[in-house]
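Encoded as structure tokens, the structure appears first; notes follow it.
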Amino acid sequence: MRRLLPLLAATVLFASDAPRKPPANEPLVPPGVEVDEDTLEVLRRINSVGPYEVPDLRLRRETSYAKTPIDYEPYGKIKPYKEHFLEQMQYNGPGRAIPEPEDVKTVKIGFIGPIMSTVSIATGGASHEEPMGIKMLQGARLAIEEANAKGGYLRRRIPFELVVTNDNGLWGSSGNEIVNFAYKDKVWAILGTIDGANSHIAIRVALKAEVVVMNTGDTDPTYIETNIPWTMRCIGDDRQMGYLMVDYMIRKMDYRRIAIIRASNRYGRFGVREIRDSARRLGRPVVIEMAYKLGQDDYSLQIDRIAEVKPDVIVHWGDAREAAIILKQLRERGLNQPFLTSDRAVSKEFLQIAGPHAEGVIAGFPWNPDSSNPRLAEFRERFRKRFNDEPDTYAAHAYDGMNMLIWAIQVAGLNRAKIRDILATRSKPWPGVTGDIPFSAVLDDAGEVYLAKFEGGRWRYYSREDLGIPRGYVPPRERTARGLLNPAETK
Amino acid sequence: MRHAASCLLLLALACALAAEPGAEKLPYVYTKWKQFTVKDGLPDDHIFAVKSDGDRIWVGTENGLALIDKKTARVVKVWTEKDGLPWRVVTAIDVDPKTGDVWLGLFGGGLARLSGGRFDHWHQLNSGLVNDVVYGVAVENDNVWAATTAGASRFNTVTGEWTIFTEKNAPMEEIWNYGVHYRDGKVHLAVWGSGVLEYDVKTNRWKDYLDPDGEMEIDLYRDDGIIHVITTGANYVDGVIWVSSYFGAARYDGRNWRGFYNMDSGLPSDFNNNLRARSGREAWFASDKGLGAIMDAETNTWVAYTRDPKSDTGKAVVTRDKTVLETVEMGLNLPHNFIIAIDVDDRDVFVATAKGLAWGIGEGYYSGLRERPRMLAENRREDK
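Going line by line, the protein sequences match chains X and Y.
Heads up: the first sequence is residues 3 to 493, going by this note's numbering.
Heads up: the second sequence is residues -12 to 371, going by this note's numbering.
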């Protein structure tokens, strides 16, 4: 009897917070939802814990952050005291025990993106991101509509509902919008943001409010370098694209004098960071870096300075309009060096402004739109039918990201913490229309990135292997273990 | 016979408790705790802010504000939106020592003042508050500072003047303010992506403290500066700056920095939502895996408090560097191990968790280390 007393006490203690147990005849996951044994085991574990327990989940552990080659590692000759982002963050709060509410008529998912023409301090002036935001919204909407056509939220047969808001208002309004999502709209997950500053504001709020944010359009590397267990991203980032571009410029093409021209906003500032640092670490420091304010028409000042240093190659990081104008003005000045730019240039706007100068331009790109992936072909067809237009990067990634959220909700049920767990612990890459999406330990898209080259009137997409771009050595050990393994690896 | 056995037991207990000459110097351990949840009258169990104010404890929750009377240890008043609270989520609290006004940072609702039973409300459309998402609030003389997600705002309560601090007039690499603290003529801002900023009230000058290695993914040297530019809290006491972050913690005494990680200290986890410093030697950290208190900075002596997730008990683990000196089993200490905010007074500690509030009663509290016997396991939990 004495042994039973603590057990009885614990039963009483947890009784009021006990997670909702599905009826005995209800399957763990509704029929029609694809789920593997690993995910089912995660579901069993997260369903079995009370508010005070943290489930024993298999957390991702990696030996190298972002597959960084040894010669791109910061302070490469020094063993750092601590290396972050190698072990997946766990959510340790009580949220898993919150029971699924009964009075739900629709399953709301928040969408936040630059869909209206407003002025944002975060983007450095008038925003040019609306076309991307609109595409992102279309991709997300298509995923919602398709899920609803298949029965919506299958546990209750109620529809998913997209709650849409703009993120590029004044004064960091994305924070207010996430608060509204969390407390007024009561969404179960959020998809969105393109601009890096708005993204950071949004995820800080999501962390407090404890709701997942799936990013599908912000390639700022620092977005996931925040140790927030509630944030994830399904698009390749500027760090990966930067590594590939430097490998191409230096390891393959042997360019010696790299010049950078970039937007002065956060996108430009952080976008070139890995290119600048990696080039320096390979012994080819960038010879000049010029910044410009968004919305300029005349770049003669920056071009004068770049011309003076006689670069072998010019790298641009900014929006499509600026990329095209700068390219034109470079060519008109007789600067015919190879022009590499960020992925935003892969757009109709760039081609319209750049005209024939676009030929030969290379852009880092987070996926391969030329892929023979049948999922992509089918998606394109459905997208065209629905919106009478072609899907772009933002549409395709939003479609993938929204489908990941919908899948996690179908599996986990209406509980924000469990939705997070199901996504965060998925062991197999997500089979997206943009390709397979494997998560890293920081829940970033660790899939392959590409170079887009404008050739013969169209963009063609090349993998590292396609172009024979050498890859730096990625040591199979943590940097903090440097010196403990084969010394030859440091050569 | 029974009497003799009792005497022997008492004797053994007395021997155990008596401080032996040359006994180890150990920190104070809180063993007496009270807990408050919705069952005790709180409007919500998810606690974001706590402030000790004389005989009162102000509690900011995800769904309202509560007041606890220390003398009766009861929740005596609750304010929700129905009662005039401008927005349900209270993320920061400070009290003006001169007027007694209670200043509230509201998560998406701006800034509010509770004065004489009335709420006044400032937001980004009716004032100089730079953003309605307020993470921190601090009273500095006649000014009230608000750390918002898009900069810091300062409101002069006498003149009504607002000043906004962003990257345009302060050394903010990023404008995402997280925490604000005032003491001894200095305002400290913990800024996500911009380390710690120090504002000297007398000279109106700023000073920034950044991670010297400048890299997100590593901490190059442990003691070279703040450990990461993403900071969550900064306190300044006795000329010492204490810093919390999602990557560990740090301390700066004006000459030397010291970093603290779970791997080299008693910090329960590197993920720290906030902190509260009691002195230059003692600070408390709100981690996602328990409550960590460095009780003697010089010797890196910590006490980490956690609750057992499966029972109504808790424990405190005393460590120096990573060596466990003592484990003290006790009754329930923390309502939950996910700690969000902390406040301290001269004796007691108040802990906001994701599932209730804890009040640690520091009977016989002492600062630093003292020669004392190792504590016996005991349950001094009071019935609520």
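For each residue, glycine too, the CB sits at the ideal point set by N, CA and C.
None of the values given here were measured: they were computed from a predicted structure.
At a Cβ-Cβ threshold of 8 Å, Asn370/X and Ser442/X do not count as neighbours.
Ser374/X counts as exposed, since fewer than 16 other beta carbons sit within 10 angstroms of its beta carbon.
Chain-ordered, the chain Y residues with CB closer than 8 Å to the CB of Ile203/X read Val120, Thr136, Ala137 and Trp163. A Cβ-Cβ distance of about 6 Å is found for the pair Leu176/Y and Ala134/Y, placing them in contact under the 8 Å criterion. In this structure Ala365/X is in contact with Asp345/X, their Cβ atoms being roughly 5 Å apart against a cut-off of 8 Å. A straight line joining the alpha-carbon of Thr195/X with that of Tyr165/Y spans about 21 Å. The shortest CA-to-CA distance from Gly220/Y to any of Ser256/Y, Ala273/Y, Asp210/Y and Asp198/Y is the one to Ala273/Y.
Of the other Cβ atoms in all chains shown, 16 or more fall within 10 Å of the Cβ of Pro30/Y; this residue is therefore buried. If you check each beta-carbon in the region 198 to 222 of chain X against every beta-carbon of chain Y, the ones closer than 7 Å belong to His202, Ile203, Arg206, Val207 and Lys210.
Looking at Arg359/Y, Leu278/Y, Lys85/Y and Asp333/Y, the one whose alpha-carbon comes closest to that of Ser39/Y is Asp333/Y. Each of Ala347/X, Asp300/X and Asp314/X was checked against the Cα of Gly320/X, and the nearest Cα belongs to Ala347/X. For the pair Pro84/Y and Val131/Y, the Cα-to-Cα distance works out to about 12 Å.
Not one beta carbon of chain X lies nearer than 8 Å to the beta carbon of Phe272/Y. Ranked by how close their Cα comes to the Cα of Lys21/Y, the residues Gly343/Y, Tyr352/Y, Gly51/Y and Met362/Y have Gly343/Y in first place. Per DSSP, the continuous beta strand (DSSP E) segment holding Asp81/Y begins and ends at Val77 to Val82.
If you check the CB distance, Val109/X and Glu163/X come in under 8 Å. When Cβ-Cβ separations below 8 Å define contact, Leu254/Y makes no contact with chain X.
Between Val37/Y and Ala328/Y the beta-carbon gap is near 6 Å, inside 8 Å, which marks them as a contact. Phe234/Y has its alpha-carbon roughly 25 Å from the corresponding atom of Ala157/Y. For Pro223/X, the three-state secondary structure derived from DSSP is helix.
Comparing alpha-carbon positions, the option among Arg263/Y, Val76/Y and Phe152/Y lying closest to Asn191/Y turns out to be Phe152/Y. Within the region 206 to 266 of chain Y, the complete beta strand (DSSP E) segments at least 3 residues long are 218 to 224, 227 to 232, 235 to 239, 244 to 247 and 259 to 264, listed from N- to C-terminus. For the pair Leu144/X and Asp394/X, the Cα-to-Cα distance works out to about 13 Å. Around the beta carbon of Tyr223/Y, 16 or more other beta carbons sit within 10 angstroms, so the residue counts as buried. Between the region 206 to 213 of chain X and the region 282 to 292 of chain X, the count of Cβ pairs shorter than 8 Å is below three; the stretches do not touch. Contacts with chain X (Cβ-Cβ distance below 9 Å) from the region 151 to 179 of chain Y involve Thr153, Glu161, Ile162, Trp163, Tyr165 and Trp179, listed in chain order. Listed along chain Y, the residues sitting closer than 8 Å to Met91/X by beta-carbon distance are Phe258.
Take the alpha-carbon of Leu209/X and the one of Glu179/X: they are about 14 Å apart.
Annotation: Cβ neighbours of Asn324/Y in chain X (cutoff 7 Å, chain order): Asn94. Three or more beta-carbon pairs separated by less than 8 Å link the region 70 to 90 of chain Y to the region 99 to 116 of chain Y, which places the two stretches in contact. Inter-residue distance for Val413/X and Leu45/X is about 8 Å (C-alpha atoms, whole angstroms). Boundaries of the beta strand (DSSP E) around Gln22/Y: Lys19 to Phe23. A contact between stretches requires three or more CB pairs, one per stretch, nearer than 8 Å, and the region 80 to 97 of chain X fails this requirement with the region 262 to 279 of chain X. DSSP lists Asn261/Y and Leu278/Y as the beta-bridge partner residues of Ala273/Y. Around the Cβ of Pro472/X, a 10 Å sphere holds fewer than 16 other Cβ atoms; the residue is exposed. Per the C-alpha coordinates, the member of Val476/X, Ala419/X and Leu342/X positioned closest to Met255/X is Leu342/X.
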